[in-house]
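Respectively, the protein sequence lines represent chains F and B. When the first sequence is numbered by my numbering, its final residue is 1111 and no position is left out of the sequence of numbers. When the second sequence is numbered by my numbering, its final residue is 333 and no position is left out of the sequence of numbers. Below is one structure, written out as structure tokens; the observations come after it.
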Amino acid sequence: MKKILEVNSFSKVYGSGCDCCFAETGPERTNICPGCGSVVAAHDVSFSLHQGEILGIMGESGSGKSTVVKSLFFDEPASWGQASFYDNGSRYDLFELNRAQQRQLRSQRFGMVYQNPHLGLNFAISAGGNIAERLLVAGDSHYQRIRSRAQDLLQRTEVLPERMDEIPRNFSGGMQQRVQIAKALATDPPLLFLDEVTTGLDLSVQAAILDLILEIQHELQTAMIVVTHDLGVIRLLADRTLVMKYGRIIEAGLTDQILEDPQHAYTQRLVASAL
Amino acid sequence: MSQNNGYPFGFLDEYAKKEVRRSVLKAIALPGYQVPYSSREMPMGRGFGTGGLQLTLALIGPGEVLKVIDQGSDDSVNAVNLRSFVELTCPGIATTAKTEEASLIQSRHRIPEKALNDRQLLVLQVPYPDPLSVVEPSEDRRKAMHGEADYARLLVKLYEDIVKFKEITISHRYPTRINGHYIIDPSPIPRFDVPKLHQSAALALLGAGREKKIYAVPPYTDAVPIAFDDIPFRIEDFNDDQGRRRTCQRCGCQTSYLDEFIDSTSGEKLYQCSDIDWCNDQLTATQHLEEVDI
């Protein structure tokens, strides 16, 4: 299988940082350095991702799972580490790119679906306009082509095409997520980040969105990183899973293995506590 | 000194003029780039053309012939006041209402209908210099966007317009790409005048006094209004309900930019050339001078 992404020793520290930041923090302690008060949001995170694979990142609030995705999507700069993105035979060193290169990858080769649709969508313009924005950034400036592509995408994510000229504010939460997914898919990205996409939705809507994500994976062979604290989502979507606590990976492996035979005490508690 | 009415020539001190000229040179070297400058206090409120006026005062010298227009007219209050201010502070210059006689034209809202030549300089007064201000509130981020020619969000606005109204409804401030990179806001002029900037023989300088920016469209430079590949840019057509081009009720011109008036007695809509100098010329040419009643 083709490798899409490789992350090596990624770290992210909020604050000034000191020599003892990494030694004094960790899953058994906390993520706030007692020496300088910096927050070690993530440290020594390494993993790889292949084409068509879904990687789950699981952990409680503040475990650093979203930080990993935000840094890979250039929302936040990384503090240390190295990440390689493989695309069309070339390798991109993600944390070394300049702003314009970042923007290019972000707008064309990566897709992001946020928990809060306000982050991913512009609520002042229509659903179709949101998708058009991504296509325009990618360099298409043919109105009819953009429009029919937006229509196809909305149809694909099961949003009624008749509603494409409405503003997202008029939509339900589940519909807003579907529009976000349609927007993320607009440029056929090989890599998709999903940050708590189903949190806060009705159970039936959650199931429909998860179905849609699996369909997309099967059809388009898109690699995905799914960040969630919901074991059900991990069980359904992820092939492999990382469990994080206080910024460190405490367990990694096949999802079935982790959920059936957790090794780390924290994971055991987590799995046992699931309803 | 008495001739200058107590003011230095051009009202501004020499340092201020030098700074404006340097900014102008930079603006010409980087077509479409908004050059910041320290806009001076002028004896009139910002927003009344102080940006254009500072350009005019920094560039004018004895022997120059100045034309000032506001809304296409040489006789509107703002144009008259600006012109008399320049006459007061710049002894030795001449003023004119005729486009072809002027060496320096300061304008708001319009570019003269008559094509300008390479001996002429056009100064435009600009209220809003940055086209990105409608899509991005942070100036820091706008600067980065300009640097990277990241203008896709301007096209999103056009997209939304076409979806809502079936056509692009921007009447003025039409985003225009200069020399293949920077997009400017040619803010005061209507869509109708934007094509006149393209490969124009005359240098166009745009000055925003309140926003403290100067930018330029150098002579013989591309100025291309942004549009979709399949929906090209078009200017206002001034057609009536039957699809016929409206004509100027005064001179009969069929090609000029028209202003709409309401006849105060009949309540009827009337159309007349917005560029008065052009209208007068058309009248002269058609030998209808005896009918002039304005």
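Glycine residues also receive a C-beta, built at the ideal position from the N, C-alpha and C atoms. A quick note: this is a predicted structure, and the numbers were derived from the prediction, not measured.
Between which residues of its own chain and residue i is the CB-CB distance below 6 Å, once the five residues before and five after are set aside?
| i | result |
| --- | --- |
| Q94/B | At residue 94/B the sequence reads Leu, which differs from the Gln that was named. If we look at L94/B and ignore the five residues flanking it on each side, its Cβ neighbours are V162, L244, G246. |
| A133/B | V104 |
| E842/F | S884, S920 |
| T1103/F | V1079, E1087 |
| R85/B | G248, R249 |
Do you know offhand how far residue i's Cα is from residue j's?
| i | j | result |
| --- | --- | --- |
| R935/F | L941/F | 10 Å |
| L908/F | G888/F | 18 Å |
| S41/B | L322/B | With a pLDDT of only 44 at S41/B, under the threshold of 50, the placement of this residue in the model should not be trusted, and no figure is reported. |
| P170/B | P214/B | 6 Å |
| A974/F | L194/B | 12 Å |
| L1046/F | R1071/F | 11 Å |
| C287/B | L51/B | 41 Å |
| I1094/F | I207/B | 56 Å |
| P227/B | Q1012/F | 39 Å |
| C292/B | G282/B | 17 Å |
| S884/F | E932/F | 18 Å |
| R61/B | K137/B | 30 Å |
| E860/F | K901/F | 20 Å |
| F1029/F | V1062/F | 6 Å |
| S852/F | S915/F | 11 Å |
| A97/B | P234/B | 27 Å |
| Q1057/F | D189/B | 30 Å |
| R780/F | L64/B | Outside the displayed span of chain F (837 to 1111) sits residue 780/F, for which this structure offers no information. |
| Q1016/F | D232/B | 40 Å |
| Q1042/F | R970/F | 25 Å |
| A1110/F | V202/B | 48 Å |
Identify the contact partners of residue i in chain B, using a Cβ-Cβ distance below 8 Å as the criterion.
| i | result |
| --- | --- |
| H978/F | F267, D268, D269 |
| G965/F | V195, Y198, E199, V202 |
| D1001/F | V202, K203 |
Going along chain F in order, which residues have a C-beta closer than 8 Å to the C-beta of residue i?
| i | result |
| --- | --- |
| I201/B | Y979 |
| E187/B | R935, A936, R939 |
Please state the DSSP three-state secondary structure of residue i.
| i | result |
| --- | --- |
| I1094/F | helix |
| N278/B | strand |
| G888/F | coil |
| K106/B | strand |
| P151/B | coil |
| R1105/F | helix |
| R285/B | coil |
| E896/F | coil |
| M1011/F | helix |
| R1076/F | strand |
| Y928/F | strand |
| H1100/F | coil |
| D269/B | coil |
| A914/F | coil |
| G186/B | helix |
| G246/B | strand |
| S882/F | strand |
| Y1082/F | coil |
| I144/B | strand |
| V949/F | strand |
| G291/B | coil |
| F124/B | helix |
| E178/B | helix |
Cutting at 8 Å between CB atoms, please list the residues of its own chain near residue i, excluding the five before and the five after it.
| i | result |
| --- | --- |
| R289/B | Q311, C312, C318, L322, I333 |
| C854/F | C869, G871, C872, S874 |
| V174/B | R192, L193, V195, K196 |
Residue i touches chain B at which residues, Cβ-Cβ below 7 Å?
| i | result |
| --- | --- |
| L972/F | A191, L194, V195 |
| A968/F | V195, Y198 |
Using a C-beta to C-beta distance shorter than 9 Å, which residues of chain B count as neighbours of residue i?
| i | result |
| --- | --- |
| A1020/F | Simply none; closest approach about 16 Å. |
| S962/F | Y198, E199, V202, K203 |
Quick one: measure Cβ to Cβ for residue i and residue j, integer angstroms, because I've assumed they're closer than 8 Å.
| i | j | result |
| --- | --- | --- |
| A1112/F | V995/F | Since the first and last residues shown for chain F are 837 and 1111, residue 1112/F lies out of range. |
| L242/B | P258/B | 5 Å |
| V1079/F | M894/F | 5 Å |
| D1031/F | Y950/F | 5 Å |
| P70/B | T325/B | Not really, about 39 Å apart at Cβ, beyond 8 Å. |
| A831/F | T1091/F | Given a span of 837 to 1111 for chain F in the structure shown, any question on residue 831/F remains unanswerable. |
Going along chain D, which residues have a C-beta under 8 Å from residue i?
| i | result |
| --- | --- |
| A183/B | Of the protein chains in this structure, namely F and B, none is chain D. |
With a CB to CB cut of under 7 Å and the five nearest residues on each side skipped, what residues in its chain are close to residue i?
| i | result |
| --- | --- |
| L121/B | G88, L92, V107, Q145 |
| D923/F | R945, P1026 |
| K308/B | E299, I301 |
| G862/F | Y1082, R1084 |
| Y254/B | A66, G71, Y72, Q73, V74, P168, I223, L245 |
Is there at least one non-hydrogen atom of the ligand PLP closer than 7 Å to the beta-carbon of residue i?
| i | result |
| --- | --- |
| L957/F | Inclusion of the ligand PLP in the displayed structure is not the case, the ligand content being empty and no account of it being possible. |
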